[in-house]
Amino acid sequence: MAKKSAVPKLTSLKSEIKAICDIMRRSNCAGAMQYVPELTWLLFLRILDVREAHEASIAAVLGNTFTPSLTAPYRWSDWANKDGAKRRELVDGKLGAYFEFVNAALIPHLKSLKDVPEASPRQKVISEILSGVERVRIDTEKNLLDILDKVDDISAEGIDETHIFTMSQVYEELLLKMGEKGNDGGQFFTPREIIRAMVRAIDPKPGESVYDCCCGTGGFLVQAYLYMLEAAQNEGADALEQLKHNTFFGREKENLIYPITLANMVLHGIEQPSIWHGNTLTGNEVFGGLFIGTPGRYDVVLTNPPFGGKEGKEAQTNFAYKTGATQVLFLQHVIDSLKSGGRCGIVLDEGVLFRTNENAFVQTKRKLLDDCNVYAIVSLPGGVFSAAGAGVKTNILLFEKGKRTEFIWYYDLSDIKVGKRTPFTIDKFDDFFRLLPDRGDSDRSWTVSRHTIEDNNFDIKAVNPNRKVDQDIRTPAELIAIIEEKQVEIMEALTELKKL
Numbered sequence: 000m001a002k003k004s005a006v007p008k009l010t011s012l013k014s015e016i017k018a019i020c021d022i023m024r025r026s027n028c029a030g031a032m033q034y035v036p037e038l039t040w041l042l043f044l045r046i047l048d049v050r051e052a053h054e055a056s057i058a059a060v061l062g063n064t065f066t067p068s069l070t071a072p073y074r075w076s077d078w079a080n081k082d083g084a085k086r087r088e089l090v091d092g093k094l095g096a097y098f099e100f101v102n103a104a105l106i107p108h109l110k111s112l113k114d115v116p117e118a119s120p121r122q123k124v125i126s127e128i129l130s131g132v133e134r135v136r137i138d139t140e141k142n143l144l145d146i147l148d149k150v151d152d153i154s155a156e157g158i159d160e161t162h163i164f165t166m167s168q169v170y171e172e173l174l175l176k177m178g179e180k181g182n183d184g185g186q187f188f189t190p191r192e193i194i195r196a197m198v199r200a201i202d203p204k205p206g207e208s209v210y211d212c213c214c215g216t217g218g219f220l221v222q223a224y225l226y227m228l229e230a231a232q233n234e235g236a237d238a239l240e241q242l243k244h245n246t247f248f249g250r251e252k253e254n255l256i257y258p259i260t261l262a263n264m265v266l267h268g269i270e271q272p273s274i275w276h277g278n279t280l281t282g283n284e285v286f287g288g289l290f291i292g293t294p295g296r297y298d299v300v301l302t303n304p305p306f307g308g309k310e311g312k313e314a315q316t317n318f319a320y321k322t323g324a325t326q327v328l329f330l331q332h333v334i335d336s337l338k339s340g341g342r343c344g345i346v347l348d349e350g351v352l353f354r355t356n357e358n359a360f361v362q363t364k365r366k367l368l369d370d371c372n373v374y375a376i377v378s379l380p381g382g383v384f385s386a387a388g389a390g391v392k393t394n395i396l397l398f399e400k401g402k403r404t405e406f407i408w409y410y411d412l413s414d415i416k417v418g419k420r421t422p423f424t425i426d427k428f429d430d431f432f433r434l435l436p437d438r439g440d441s442d443r444s445w446t447v448s449r450h451t452i453e454d455n456n457f458d459i460k461a462v463n464p465n466r467k468v469d470q471d472i473r474t475p476a477e478l479i480a481i482i483e484e485k486q487v488e489i490m491e492a493l494t495e496l497k498k499l
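If you read the sequence shown in numbering that gives the first Met the number 0, its first letter stands for residue 0, the second for the next number, and so on.
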């Protein structure tokens, strides 16, 4: 029998999720910044229910003991499924009983799981995904039940281990909504084409640790997982187990985004996301229970620090070169977080590269070039981040710790026009990847020596020497003649119009 296409499943799932979001939008969740967090924890609990039911059945076949993360009446199948005993009891009970259970019993119980003696990693993840939820945002019990029914009706094939990618694709589109211009979520969202290119360039391998110091919704960590997954599967069960449980590490400060990060990683197949909740630069911790036992330094760092942020003295005291510029402090943190031989792909705004009027900028770049081999800088188009509400000119830096930089190879994509109808696509990197192994020269690529960089006080901005500038070589007399000719044409046209 021919294998069925996954396209109908994906299309159906998209329509189902859209219908859920439509109900949420008319139920006190007007924008993506309201309905995506609400849908996140509901989808997560639905997926958890499917996963634990599957794990319990496998354990039963093998004769093993299975300890679920949730027990009655707090499992999705108890209170959310229309045939669940707890749901039937509540719906048939007094007016308001359903909201009372969800807000006063279910949510507090789930949030408290991390405090249970010998709480499992999964129970800690459940608590943290619910950490920002005080009560359901949905305005009426009917709307909530309609949403739960639609979430419950999502085909198990869309969320089981075999077809998890289908659900993850749809969830990625929800996150895109948060990253659109006009939504505050833009600051947490890096365009996926940029992430994919960076992951491919850094080439993380199974067995290596991957870290993002300001991970937002987890895009870099998720894409690195997807990139490494096939190789890990080919290496066997132990490599796959390590990939899912002890490979990906991150930090996120924002209370709204942190639970979404965890859910996004779990949804894609990372069963034990090690995400630290708190301020990376100050060290102020909100919750570090998922980060216990993590390495101090990492094989791979993939990250996109915030543009143009300002930090106070509390953050600056932790760094050798003191400045209020957030991205410069993050760059120092990244250098310190890499193992010797570790590799990094980082997005930095243009100001970090060319500014030489502040000591911390110069000193940080000198440290970068002394401690690391910055082997490539890619100059990105100015509009790449505009969909996320940022018009800042950006660059990708690729470097390896443990070797001094002698030459930097540049690749220039800055002339590519990016807009709503002309989005930036991954194929724009094709020539970059062709030239990268040998750092070849072309109209878009060139090499600069360390000597030149030092002479320019560590200004490492990409300035393409091969860029052809269109010059107007017409003489003043020729330009005047053209203007006079156009004036005659205009006067003749006006005369004809007056005759009408």
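Where is the CB? At the ideal position from N, CA and C, for every residue including glycine. None of the values given here were measured: they were computed from a predicted structure.
- Between HIS332 and LEU266, the gap from beta carbon to beta carbon reaches 8 angstroms or more.
- Judged by DSSP in its simplified three-state form, CYS28 adopts coil rather than helix or strand.
- CYS371 places its beta carbon 8 angstroms or farther from that of LYS392.
- Secondary structure of VAL373 (DSSP, three-state): strand.
- Per the Cβ contact rule, the segment 101-109 is in contact with the segment 71-80 (3 or more Cβ pairs under 8 angstroms).
- For the pair of segments examined, the segment 333-345 was found not to touch the segment 237-253: the number of CB pairs separated by less than 8 angstroms stays below three.
- Just so you know, the alpha carbons of SER126 and VAL447 end up roughly 50 angstroms apart.
- Taking C-beta atoms as the reference points, LEU368 and LEU412 fail to come closer than 8 angstroms.
- One alpha carbon belongs to THR293, the other to PRO120, and they sit about 13 angstroms apart.
- Beta bridge pairing from DSSP links LYS309 with ALA324.
- Here the alpha carbons of CYS214 and ARG420 stand approximately 28 angstroms from one another.
- In this structure the segment 322-330 touches the segment 301-312; the number of beta carbon pairs closer than 8 angstroms is three or more.
- Under the Cβ criterion (8 angstroms, minimum of three pairs), the segment 91-107 counts as touching the segment 124-139.
- One alpha carbon belongs to GLN122, the other to PRO67, and they sit about 9 angstroms apart.
- Short of 8 angstroms from the beta carbon of GLN315, and not among the five residues preceding or following it, lie these beta carbons of its own chain, in chain order: LYS321, THR322, GLY323 and LEU328.
- For SER68, no alpha helix (DSSP H) segment is defined, and its DSSP state is neither H nor E.
- Under the three-state reduction of DSSP output, ARG87 falls in the helix class.
- Put simply, the backbone Cα of ASN463 is about 41 angstroms away from that of HIS276.
- Counting only residues of its own chain and dropping the five nearest sequence neighbours on each side, ILE153 has a CB closer than 6 angstroms to the CB of GLU15.
- The beta carbon of ALA238 sits closer than 6 angstroms to those of PRO205 and ALA231, all from its chain and outside the five residues before and after it, given in chain order.
- Collapsing the DSSP output to three states places ILE153 in coil.
- If you compare the alpha carbons of VAL124, ASN278, LYS427 and VAL221 with that of TYR170, the shortest gap goes to VAL221.
- Excluding residues up to 5 positions away in sequence, VAL361, LYS364 and ARG365 lie with their Cβ nearer than 6 angstroms to the Cβ of PHE457 in the same chain.
- Considered as a whole, the segment 99-142 harbours 106-111 and 120-128 as its complete alpha helix (DSSP H) runs of no fewer than 4 residues, in chain order.
- Residue pairing for ASP348: DSSP places it in a beta bridge opposite THR393.
- One alpha carbon belongs to GLY381, the other to VAL417, and they sit about 8 angstroms apart.
- If only complete runs of 3 or more residues are kept, the segment 249-281 shows the beta strand (DSSP E) at 273-277, in order along the chain.
- Spanning the alpha carbons of VAL285 and SER441 requires a straight line of approximately 49 angstroms.
- By DSSP's assignment, LYS400 forms a beta bridge with CYS371.
- Check the Cα spacing between ASN283 and each of ILE194, GLU313, LYS309 and TYR257: the tightest is with GLU313.
- Sorting PHE431, ASN455 and ASP454 by C-alpha distance to the C-alpha of TRP445 places PHE431 at the top.
- Using a Cβ distance threshold of 8 angstroms, ILE146 and LEU261 do not count as a contacting pair.
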